[in-house]
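Following: one structure in structure tokens, then a few remarks.
Numbering (the numbering used here), first residue to last: 58 to 317.
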């Protein structure tokens with residue numbers, strides 16, 4: 058109703074946005090949005106202590122009736138906001154270690170695009186890499202990212218992102234995908250020294266969904282890194298994972314939440 062829309066406008070929504078939220082509620086529930094429903098949703102939202110821009114995004118896009126339960130679930134997670142999804146975080150990834158951590162044994166990589174973002178979690182589901190990879194299309198506006206989230210994101214040039222990932226994997230300077238050239242029209246010539254075999258002493262196993270695509274985006278060779286595609290091949294079990302698939306699922310989630 059009008060009072061419910063006024064309450065939403067009081068939180069920063071425009072009259073058009075508040076009317077859209079009300080209309081969406083009516084289509085789903087068959088009655089106008091009530092003031093009690095809005096008040097309950099706003100009270101639940103306040104408990105999360107989100108940035109104003111994040112809270113506005115939720116009010117614009119979430120179902121008001123479902124918001125109290127969603128906020129309660131978010132309160133139980135270590136990461137509450139996903140800057141990639143522009144929504145409450147729903148992954149199992151844990152924040153980066155507060156103190157220097159031992160090298161990972163499994164590292165699950167997930168990249169998102171437009172802008173390019175790289176995230177990786179280890180076998181303990183801790184985020185070990187989470188950054189926007191800067192390029193001509195992503196700097197400085199970072200399309201698809203809320204203005205309030207942009208200053209909080211870690212940023213790295215492509216070479217730095219590659220170096221950080223390789224350091225986590227325990228690799229020396231590695232074959233990188235070369236830029237296109239007359240001698241390499243597809244950019245598939247590699248430079249650098251050979252990497253240790255995957256799983257060798259002191260190295261971590263890289264895994265993910267479609268890791269070849271993600272490695273290509275970062276200028277690396279999935280084959281040279283011995284990356285395991287968990288959609289087609291089961292990674293070797295290791296301590297703390299309950300099997301390799303647990304690490305993979307955390308990695309897929311960590312790409313959303315990790316980018317938080």
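Don't be surprised by glycine CBs; every beta carbon is placed ideally from N, CA and C.
With fewer than 16 other beta carbons inside 10 angstroms of its own, residue 270 counts as exposed. For residue 72, no beta strand (DSSP E) segment is defined; the enclosing uninterrupted segment is the alpha helix (DSSP H) at 72 to 86. Inter-residue distance for residue 58 and residue 77 is about 12 Å (C-alpha atoms, whole angstroms). Bridge partners of residue 212 according to DSSP: 189. Rounded to the nearest whole angstrom, the C-alpha separation of residue 177 and residue 63 is 43 Å. When the beta-carbon positions are compared, residue 286 and residue 265 come within less than 9 Å of each other. CA-CA distance, residue 206 to residue 140, rounds to 6 Å. Here residue 79 has 61, 62, 89 and 90 as same chain residues with Cβ atoms under 7 Å from its own Cβ, once five neighbours each way along the sequence are excluded. Between residue 113 and residue 262, the C-beta spacing is not below 9 Å. Residue 99 and residue 68 do touch by the CB rule: their CB atoms are close to 7 Å apart, below 8 Å.
In this structure, DSSP gives residue 146 a state outside helix and strand, which the three-state scheme calls coil.
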